[in-house]
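Heads up: the sequence lines are chains A and B, in that order. Read in order, the letters of the first sequence correspond to residues 4 to 256 in our numbering. Read in order, the letters of the second sequence correspond to residues 174 to 433 in our numbering. The C-beta atom is built at its ideal place from N, Cα and C for all residues, glycine as well. Computed from a predicted structure; not experimentally measured.
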Amino acid sequence: MSTSNVKIAAKGISKSFTTENGTIQVLDNVSLEVKTNEFLVILGPGQCGKTILLNCLAGILPPDSGEVILNGKKVTEPGPDRGVVFQQYALFPWKTVRDNVAFGLAIRHMPVKERYEIAQKYIDLVGLTGFEKSYPHQLSGGMKQRVSIARSYANNPEVLLMDEPFSALDAQTRYSMEKELLSIWEQEKRTVVFITNNVEEAIYLGDRIVLMTKLPGTIKMEFPLTSPKPRNYTDASFLEMRLAISEETELAL
Amino acid sequence: MANAAAANLKEKIGAVFSFVIFLALWQVASMAVGSEALPSPADVVAKAQEMYTSQIGGKSMWMHIYYSLRRVVGAYLLAAVTGIPLGIAMGWNVKFRKIANPIFELLRPIPPIAWIPIAILWLGIGEGPKIFICYVGAFVIFVMNTYTGMRYTDHLLIDAARTFGATRRQQLFNVAIPASLPSIFAGVQNAMSMAWMCVLAAELVGAREGVGFIIIQGMDLNNSPMIIVGMITIGLIGLFLAVSLRYLEKLLCPWRRELQ
């Protein structure tokens, strides 16, 4: 892997938290590199520190040791170059869909007209045309997550960090959201770090899967995925990969 | 839609029905204990007609209502413009919270009415102490609700704003304050009820005008219909104030889900 091609990298990240029950080591010397426009999936059991790793990449949490490098520069705080899609959507309930999507642009003082033009483009892209003036509480879970994805995209980040974005959705909605995310990503390529605990979702979406162990979280194995997308859940190669990863995952648990 | 209209109609019929029952019980009670102690609804209506068309203590009823409202509104606005910023500052700035909160916690449990004697001592018997008492009552509620709203702002929303590069100032004005608005608005309504309660208490102690003065006058004259007309007036004005503020909230916080 040529280093010039690396968009964002974690170098030897460790993080622990002190609670009433003592100190818990959450991440232990985690290193990974994500190439430009690569769709990297971080797969791990519940409570393996993968959300913490994502928050470190986002700059929301400072690591105890190690560093995050974006475009060759050290990350010290969150920034508009890294968009985050949160598991719990994190939409602003007092803003309409349009104003939620335009939030990042408003923060940068972009004029309203321009702001809304860009917002509209991404509202259309995620299939929410007609809901511009709805408030988040009027939307279903899947629609909320679409707004959140559009909000991140509209801000034109270099890296999209997605923290189990579909885990709160029912199975049917989840499948269709995975499909749509893939088609959005094909239309507007970004470097993506996608966190999940779902093996199928990981194989369906990823260019490469990084498997994490349970606490303290470390990287156990990597699986490159080369078959063309969109992939079929029932293909022999898909099922083979699923079996291979599941065996390793069980050991991780 | 038809269902909603039918439900609405049912609710209205229910309200009328409960009101009729209340009047009937009142009438029965009045006959049982004698109209000396508890005047009948008809006596009260007759007295209301008389009071609203003549003068009491040299002023019409409307003037008395005006005096009370003027005190309440003045104190209320003053409490809002001082209490809301203080609550925001306490909720947002950790250093300021550490200094202000202990003092506030100490003063907060003192009921506004307990301030009446010292207010009169400091400010005399004019408008000053009455406005001051209302102010104390409303101020505490404004501060508490604003502060609570700020403290309970979902940290995820602040994090989300940070990922878009929001400055600390933008996090405050674009996220924390709007997120606190529902809680602040709960305070807006409670503070008004509190201010209205306080003005009556203040007027019971040495006033020559106001709705509180009316009911004290009724007591001094041993005139129970007059007291009851005063009490009903107080209730109606309180209701009017609450309804107007609820309307204002709907106008300013359209994202709030209606809880039915």
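Query: Going by CA-CA distance only, name the one from B:I405, B:R244, B:W288, B:V245 that's closest to P214 of chain B.; Result: B:I405
Query: Comparing alpha-carbon positions, which option in A:K38, A:D238, A:T54 lies nearest E167 of chain A?; Result: A:T54
Query: List the residues of chain B that F106 of chain A touches, going by C-beta distances under 9 Å, in chain order.; Result: A333, A334, F337, A339, N347
Query: If G230 of chain B and F413 of chain B are in contact, beta carbons under 8 Å, what's the gap, nearest whole angstrom?; Result: Contact flag wrong, Cβ pair sits at about 23 Å.
Query: Nearest-angstrom Cα distance between G107 of chain A and R177 of chain A?; Result: 26 Å
Query: Under the three-state reduction of DSSP, which class applies to G209 of chain A: helix, strand or coil?; Result: coil
Query: Could you tell me which chain D residues have their CB closer than 9 Å to the CB of P66 of chain A, listed as they occur along the chain?; Result: Annotation note: the requested chain D is absent from the structure, which comprises protein chains A and B.
Query: Span of the beta strand (DSSP E) holding D166 of chain A?; Result: 162-166
Query: So is W428 of chain B in contact with chain A if we call contact Cβ pairs under 8 Å?; Result: yes
Query: Where do the N-terminal and C-terminal ends of the alpha helix (DSSP H) with Q50 of chain A fall, by residue?; Result: Element bounds for Q50 of chain A: n/a, residue is neither H nor E.
Query: Excluding the 5 residues preceding and the 5 following R234 of chain A in the sequence, name in chain order all residues of the same chain whose CB lies nearer than 6 Å to its CB.; Result: Y207, F241
Query: Just checking: is the beta-carbon of T326 of chain B within a distance shorter than 8 Å of some beta-carbon in chain A?; Result: no
Query: Between the stretch 43-60 of chain A and the stretch 6-18 of chain A, are three or more C-beta pairs nearer than 8 Å?; Result: yes
Query: Tell me the DSSP bridge mates of I11 of chain A?; Result: A:V37, A:L73
Query: Indicate whether at least one CB of chain B lies closer than 8 Å to the CB of I63 of chain A.; Result: yes
Query: Counting beta carbon pairs with one atom in the stretch 221-239 of chain B and one in the stretch 279-295 of chain B, are three or more of them shorter than 8 Å?; Result: no
Query: Around the C-beta of N103 of chain A, are 16 or more other C-beta atoms found within 10 angstroms, so that it is buried, or is it exposed?; Result: buried
Query: For G411 of chain B, collect the residues of the same chain with a Cβ closer than 7 Å to its Cβ; drop the 5 residues on either side in sequence, then sort them by chain order.; Result: S366, W369
Query: Would you say G82 of chain A faces chain B, with C-beta separation under 8 Å as the test?; Result: yes
Query: Buried or exposed: S186 of chain A, going by 16 or more other Cβ atoms within 10 Å of its Cβ?; Result: exposed
Query: Since L330 of chain B meets chain A, which of its residues come closer than 7 Å, beta carbon to beta carbon?; Result: A93, F95
Query: Can you say whether P114 of chain A is buried or exposed, counting buried as having 16 or more other CB atoms within 10 angstroms of its CB?; Result: exposed
Query: In terms of residue numbering, what span does the alpha helix (DSSP H) encompassing M365 of chain B cover?; Result: 350-377
Query: Would you report the Cα separation of L246 of chain A and L60 of chain A, rounded to the nearest angstrom?; Result: 30 Å
Query: Can you give the Cα-Cα distance for R111 of chain A and E117 of chain A, rounded to whole angstroms?; Result: 12 Å
Query: What does a CB cutoff of less than 8 Å around V217 of chain B pick up in its chain, not counting 5 residues either side in sequence?; Result: P398, I401, V402, I405
Query: Measure the Cβ-Cβ separation of S151 of chain A and A93 of chain A and say whether it is below 8 Å.; Result: yes
Query: Give the residues of chain B in contact with Y138 of chain A, contact being defined as C-beta atoms less than 7 Å apart.; Result: W428
Query: With DSSP as the reference, identify every bridge partner of E225 of chain A, one or two as the case may be.; Result: A:V213
Query: Can you find a C-beta in chain A that's less than 8 Å from the C-beta of L354 of chain B?; Result: yes
Query: Give the residues of chain B in contact with F89 of chain A, contact being defined as C-beta atoms less than 7 Å apart.; Result: L329, A333
Query: Are at least three pairs of beta-carbons, each pair with one atom in the stretch 250-263 of chain B and one in the stretch 349-367 of chain B, less than 8 Å apart?; Result: yes
Query: Within the 8 Å Cβ cut-off, does N158 of chain A reach chain B?; Result: yes
Query: So, is the C-beta of I16 of chain A closer than 8 Å to a C-beta in chain B?; Result: no
Query: If we call anything under 8 Å between Cβ atoms a contact, is T194 of chain A one with E41 of chain A?; Result: yes
Query: With 8 Å as the threshold, decide whether the Cβ of R85 of chain A is near any Cβ in chain B.; Result: yes
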